[in-house]
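Reviewing the structure listed below.
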Amino acid sequence: MPHDVEKHSHSLLPSDPELKVKALETALIKRGLIDPAALDEIIDTYQNKIGPKNGAKIIAKALLDKEFKKALISDPMQILEKHGFLGRQGEHIKVVENTPEVHNIVVCTLCSCYPWPLLGIPPTWYKSDEYRSRVVREPRKCLSDFGVTLPKDTKVRVWDSTAEIRYLVLPILPDKYKDFDKEQLSEIISRDAMIGTALIGEAS
Amino acid sequence: MSRVHDMGGRFGDGAIQPASTKDKTFKETWHARALAVTLATGSLRQWNLDMSRHARECLPPKDYCEFSYYNKWISALANLLVARGVISSAEFSDPIQKMHPLSSRKLLAVEVAKVLSKGAPTSRSVEDPPKFLVGQNVKTRRAQNKFVSGGHTRLPKYAERSKGKIEICHGAHVFPDAHAHDLGEQPEHLYTVSFLASELWESPENPNDTLCVDIWESYMEPVNDP
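Chains as they are written, first to last, in this note's numbering: chain A, 502 to 705; chain C, 21 to 246.
What follows is the structure in structure tokens.
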């Protein structure tokens, strides 16, 4: 494809994005290029079947089981395949572990790459210009937008997902939750904690 | 040279608005439709992931800044459908009821689960061994596509011409700079490279913070300083 793609073919589409999708959908259905039932199925998948609960299940297990954690960090794909957590935008996963020394945060500055099979569709803030532009330069200020303050000596490591490797943060388990079982833990591991913009058991 | 989507490090953006627990996966019904139409048309196999990313990047900068996320998606999709000769732009305002030769590739509801869980891995086998080893010092080149002026590339501008260290070797992956422009996959070794914040920013929050960026082999050269 030449880089100078015809820039204004969408000028024949309505400018209201809702009507724009509708017009596109209609044109494609009439040519037999998309199946409305398949669209419903895709939406149902990401609305109801795939979401942060997948990631939380894996992370909860890793926080309770050292051997499992080791395996998840060294060879995540095998484990994720066993759980059925592979798929589109999660073809190559890497788990990065938070420690008292290093706090990890994931972003995609160039678009909005995100580990879909583990966390579902990214939240609006993850796709926002504010997050994409700022988190690489001023991660602590960004964390403060989420109400998170790191210990003074903790270094920040920001992972910019510029290729097809998708990153998942393994957060620190605070002492007060040490007696939680896997189910209880997976309830308090938030999506944001697995992106690196929250800590376990704290808001968001 | 700057590109509107390559915004890492940019100044001027305001506070991030974290999600509320009441937020739905799709804020508007049309967001869900936009996502679904985009994924479903991928099955026609008239473009690849890198081409669709590039199509979003090619929106006029003014539109890129103003459009919401899913509006970028569908506007780029409309451009791709026309640029790849799938349908004409006239059909957007005046749809034609006529079976398309590609309709046999149409994604069916029964195939959705399989297609989504299969994904499209980008790792490839190549004969050449990796040029860089973990721990090696490297320097990135300019963040510009070498095949096509102004073309697609995945080296962010904030990390261009900067010194970093190889952290992880990922094996070879499809090279987006070629793949986005009908030049084949041209797989290359891919690495995670760490950069010290002090190497990238004039006033970092903490000079010892690091940025980890996934970088293809030809985006870098070795550095021999101690």
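Beta carbons are placed, not taken as given, at the ideal position from N, Cα and C, and that holds for glycine.
* **Residues of its chain near Val636 (chain A), where Cβ-Cβ distance is below 7 Å and the 5 sequence neighbours each way are ignored** => Ile606, Val608, Cys643 and Val659
* Comparing alpha-carbon positions, which option in A:Glu598, A:Lys562, A:Pro616 and A:Gly533 lies nearest Leu122 (chain C)? -> A:Gly533
* To do: Would you give the residue range spanned by the beta strand (DSSP E) that Val603 (chain A) belongs to?
  => Where Val603 (chain A) is concerned, the enclosing beta strand (DSSP E) stretches over Val603 to Val608.
* **Residues from the region 511–527 of chain A in contact with chain C, defined by Cβ distance under 7 Å** => His511, Leu513, Leu514, Pro518, Glu519, Lys521, Val522, Ala524, Leu525, Glu526 and Thr527
* Asked: So which of C:Asn244, C:Arg174 and C:Arg76 has the shortest CA-CA distance to Ser238 (chain C)?
  -> For Ser238 (chain C), the nearest C-alpha among the options comes from C:Arg174.
* To do: Could you tell me the distance, in whole angstroms, from the CA atom of Glu305 (chain C) to the CA atom of Glu542 (chain A)?
  => Nothing in the structure corresponds to residue 305 (chain C), since chain C is present only between 21 and 246.
* **Cross-strand partners of Glu208 (chain C) (DSSP beta bridge)** => C:His193
* Asked: Is Pro679 (chain A) helix, strand or coil when you go by DSSP?
  -> It should be pointed out that residue 679 (chain A) corresponds to Lys in this sequence rather than to Pro. If DSSP states are grouped into helix, strand and coil, Lys679 (chain A) belongs with coil.
* Asked: Taking all protein chains shown into account, do 16 or more other C-beta atoms lie within 10 angstroms of the C-beta of Arg161 (chain C), making it buried, or fewer, making it exposed?
  -> Flag for Arg161 (chain C) reads exposed.
* **Segment contact flag, the region 226–237 of chain C with the region 205–213 of chain C, C-beta cutoff 8 Å, min 3 pairs** => yes
* Asked: Which partner residues does Asp234 (chain C) have in the DSSP bridge list?
  -> The beta-bridge partner set that DSSP reports for Asp234 (chain C) consists of C:Thr212.
* Asked: Where does Tyr668 (chain A) sit, in a helix, a strand or coil, going by DSSP?
  -> strand
* Can you tell me which of the three DSSP states Pro503 (chain A) falls into? => Unreliable placement is indicated for Pro503 (chain A), whose pLDDT of 45 sits below 50; no coordinate value is reported for it.
* Asked: Shortest alpha-carbon distance to Glu187 (chain C) belongs to which of C:Phe215, C:Val154 and C:Glu219?
  -> C:Val154
* Asked: Could you check where the beta strand (DSSP E) with Arg660 (chain A) kicks off and where it finishes?
  -> Note that residue 660 (chain A) corresponds to Trp in the displayed sequence, not to Arg. In this chain, the beta strand (DSSP E) harbouring Trp660 (chain A) covers Lys656 to Asp661.
* **Sufficient close CB pairs (3 or more, under 8 Å) joining the region 659–679 of chain A to the region 588–597 of chain A** => yes
* Going along chain C, which residues have a C-beta under 7 Å from Ala539 (chain A)? -> Ala60, Leu127, Leu128, Ala129 and Val132
* Asked: For Thr655 (chain A), which residues from the same chain have a beta carbon less than 6 Å from its beta carbon, with the 5 sequence-adjacent residues on both sides left out?
  -> His604
* Sequence-distant residues of the same chain with beta carbon closer than 6 Å to Leu101 (chain C), five excluded per side -> Ile107
* Asked: So, is the C-beta of Met27 (chain C) closer than 9 Å to a C-beta in chain A?
  -> yes
* What three-state label does DSSP hand Met240 (chain C) in the structure shown? -> strand
* To do: Spell out the partners DSSP gives Ser143 (chain C) in its beta bridges.
  => C:His193
* Can you find a CB in chain C that lies within less than 9 Å of the CB of Leu671 (chain A)? -> no
* To do: Please report the residue range of the beta strand (DSSP E) in which Val596 (chain A) lies.
  => His593 to Glu598
* Under 9 Å between C-beta atoms, does Gly34 (chain C) make it to chain A? -> Answer yes: the Cβ-Cβ gap between Gly34 (chain C) and chain A drops below 9 Å somewhere.
* To do: Check the DSSP bridge columns for Val168 (chain C) and list the partner residues they point to.
  => Answer by DSSP bridge pairing: none, since Val168 (chain C) is not bridged.
* **Nearest-angstrom Cα separation, counted from Val522 (chain A) out to Arg73 (chain C)** => 18 Å
* To the nearest angstrom, report how far apart Asp517 (chain A) and Ser575 (chain A) are at their CA atoms. => 47 Å
* How about Lys138 (chain C): is its C-beta nearer than 9 Å to some C-beta of chain A? -> yes
* To do: Give the residues from the region 571–600 of chain A that approach chain C closer than 8 Å (Cβ to any Cβ), ordered along the chain.
  => Gly585, Leu587, Gly588, Arg589, Gln590, Gly591, Glu592, His593 and Lys595
* Boundaries of the beta strand (DSSP E) in which Val158 (chain C) is found, first to last residue -> Asn157 to Thr160
* If we ignore side chains and look at the alpha-carbon of each, how far apart do Cys232 (chain C) and Thr527 (chain A) end up? -> 43 Å
* DSSP beta-bridge partners for Ile188 (chain C)? -> C:Thr212
* Asked: On the three-state DSSP scale, how would you describe Lys126 (chain C)?
  -> Correct three-state label for Lys126 (chain C): coil.
* Closest Cβ-Cβ distance between Cys189 (chain C) and chain A: below 9 Å? -> no
* Does the region 609–625 of chain A come close enough to the region 538–555 of chain A to have 3 or more Cβ pairs within less than 8 Å? -> yes
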